[in-house]
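There are 2 protein chains.
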Amino acid sequence: MNPVPPNQASDAATAAHAGQSPSFRPLYQQIKALITQSLQSGEWKPGELMPSEVELAGRFKVSQGTVRKAIDELAAENLVVRRQGKGTFVATHAEERAHFRFLRLMPDEGIPHHPDNRFLDVRRMRAPAEVARLLDLKSGDAVVYIKRVQSFDGQPTILEELWLPGQLFKGLTSERLVEYKGPMYGLFESEFGTRMIRATEKIRAVGADAAASEHLQVAPGTPLLCSERVSYTYGDKAVELRRGIYSTLRHHYQNELS
Amino acid sequence: MNPVPPNQASDAATAAHAGQSPSFRPLYQQIKALITQSLQSGEWKPGELMPSEVELAGRFKVSQGTVRKAIDELAAENLVVRRQGKGTFVATHAEERAHFRFLRLMPDEGIPHHPDNRFLDVRRMRAPAEVARLLDLKSGDAVVYIKRVQSFDGQPTILEELWLPGQLFKGLTSERLVEYKGPMYGLFESEFGTRMIRATEKIRAVGADAAASEHLQVAPGTPLLCSERVSYTYGDKAVELRRGIYSTLRHHYQNELS
DNA sequence: GAGTGGTCTAGACCACCCG
DNA sequence: GGGTGGTCTAGACCACTCG
């Protein structure tokens, strides 16, 4: 009945993998990888507006639906944010709502708000073996070490140590940390071009040692949460090790399971 | 140029909401709600094969793409499982891999495996005020109370109390619990038609009290994780309260942040 | 009104599974 | 070979935002 013309759609799809099934990879995943590369290279910076779907479709020579599916996944992974009528934006940690994405400690009563920061130590050092292992460095490589206390409503609640690869955070000084307003991850992405994508966290219960007792103002031996967190950037590269001690007198660690 | 025929697609879409934009609701979300109802009513039971996409599209009088998007979301919420070439299945807790979806306690070394169960108490009681509040019951309503210890490699690690609405779990006895092999949630869904969809968890650090000390074989005051978990079924209805005490000597609570 | 993301459809073809 | 989910396209229209 229909004098069907050659199907351009299937042509593009076929060209996409162009081979046997074992090596098959959907077009939209390849597009997703390309867009991720542009994000990583800084072609579009955090907070910026990205090209529209139709524009990207033209650039990659695929249909809008295909780049749409690619962006859908990026949005699901919190790499980009879609806003109807406005466009697609590169996700950023320099926002209010992003602050509690990696910090799951919530007040038992009242609404969550930002803690106050007090830095106890900021210096460069050589990575201890354990730190090097978790950050995928060589033992003895340069790392930036940070130690700080975070307080909610004047109550010291978090005692935390961080290690960052020295290579990536060259100009990171105590002054820069103190004067920066907002979450540390905002500073990392705007000043050092390193964006935290995801993290894994391991939690234990420990008794307060002398340091924890002093800085969190609790009796020695008080039960505290102990968190070890490794954060990753593009390409699943570990770029931060964080060891935190949380007081759960007036706060709790909150998790959603699904 | 084109003698375009009336667009059936837009007709269906328009008919879908049929009103002003404030009350707009996408067709695929309505389909999703209908499918969810069928899941809830037990039209398709956990583990069973669901009708194919084309069949559902026919039933609901929409395109395959629309039911596809609906099922995509259900799959993302772990309500169904898609298997290419086979079909879409109702998700079930009676599987190996589902066992650690809600239990995030992992061994420091070695691979995760199932704990051994020892029930200390199973009985019906009246809900204390706090339990009633969290389960959205009236204080004094009947609840099933369960207390148990779970051991890994012979090491008692979890001391746990559960409260379940008596209304929903009428025939739940100690014998039935003991003889059932596999995760408790498997028993709940197969015998009582109650499927856990999601849960919220709050975690604190506490010192071992007399009971914890005895059952977990640790010294009194030993720091332990304390978890309070509320699980929900369809319609965000709370159907389980669980309070667990975890020993983190050889295990840790693992979380993925993204 | 123009531009963006969001929805919906129809149709083709592909990868996968099973009898 | 037939059925299922998975990919890709093209095109229409809708909801939202902004100048």
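Top line first, the protein sequences correspond to chains A and B. Going left to right, the first sequence walks through residues 1 to 258 as UniProt numbering numbers them. Going left to right, the second sequence walks through residues 1 to 258 as UniProt numbering numbers them. Think of the CB as a built atom: it goes at the ideal place given N, C-alpha and C, for glycine as much as any other residue.
B:H215: member of the alpha helix (DSSP H) spanning 210 to 216, first to last residue. B:T88 counts as buried, since at least 16 other C-beta atoms from the protein chains shown sit within 10 angstroms of its C-beta. Within the segment 234 to 249 of chain A, contact with chain B at the beta-carbon level (separation under 7 Å) is assigned to T248. Chain B has a Cβ within less than 7 Å of the Cβ of A:L257.
Counting every other CB atom within 10 Å of its CB across the protein chains shown gives B:H215 a total of 16 or more, marking it as buried. Comparing alpha carbon positions, the residue from A:Y185, A:R83, A:T157, A:G235 closest to A:L249 is A:T157. If you check the CB distance, B:E256 and A:T200 come in under 7 Å. Ranked by Cα distance from A:N78, the first of A:K181, A:Y28, A:M196 is A:M196.
Straight-line measurement puts the Cα of A:M106 at about 9 Å from the Cα of A:F100.
B:S23 counts as exposed, since fewer than 16 other beta carbons sit within 10 angstroms of its beta carbon.
When DSSP states are grouped into helix, strand and coil, B:F89 belongs to the strand group.
In this structure, the CA atom of A:K237 is about 12 Å from the CA atom of A:Q40. Residues of chain A whose Cβ lies closer than 7 Å to the Cβ of B:P220 do not exist; the shortest such Cβ separation is about 12 Å.
Rounded to the nearest whole angstrom, the C-alpha separation of A:P220 and B:V81 is 49 Å.
Chain order gives the chain A residues near B:T200 as Q254, N255, E256, L257, where near means a beta carbon separation below 9 Å. With fewer than 16 other beta carbons inside 10 angstroms of its own, A:R97 counts as exposed.
By the criterion of a C-beta distance shorter than 8 Å, A:D141 is surrounded in its chain by R126, A127, A132, P165, G166, Q167, once the five residues flanking it on both sides are discounted.
The straight-line gap separating the alpha-carbon atoms of A:S227 and B:R243 is approximately 21 Å.
For the pair B:L103 and B:K147, the CB atoms are not nearer than the 7 Å cut-off. If you ignore the 5 residues before and after A:V206, its C-beta comes within less than 7 Å of the C-beta of L224, C226, all in its own chain and listed in chain order. For B:S151, DSSP records a beta bridge to B:D116, B:P156. Taking a contact as a CB-CB distance under 8 Å, the pair B:R83 and A:S258 does not count as one, their CB atoms being some 20 Å apart. For A:A205, the chain B residues whose C-beta falls within less than 7 Å of its own C-beta are A205, P223, L224, L225, T248, listed in chain order. By the CB criterion at 7 Å, A:L241 and A:L159 fall outside the cutoff.
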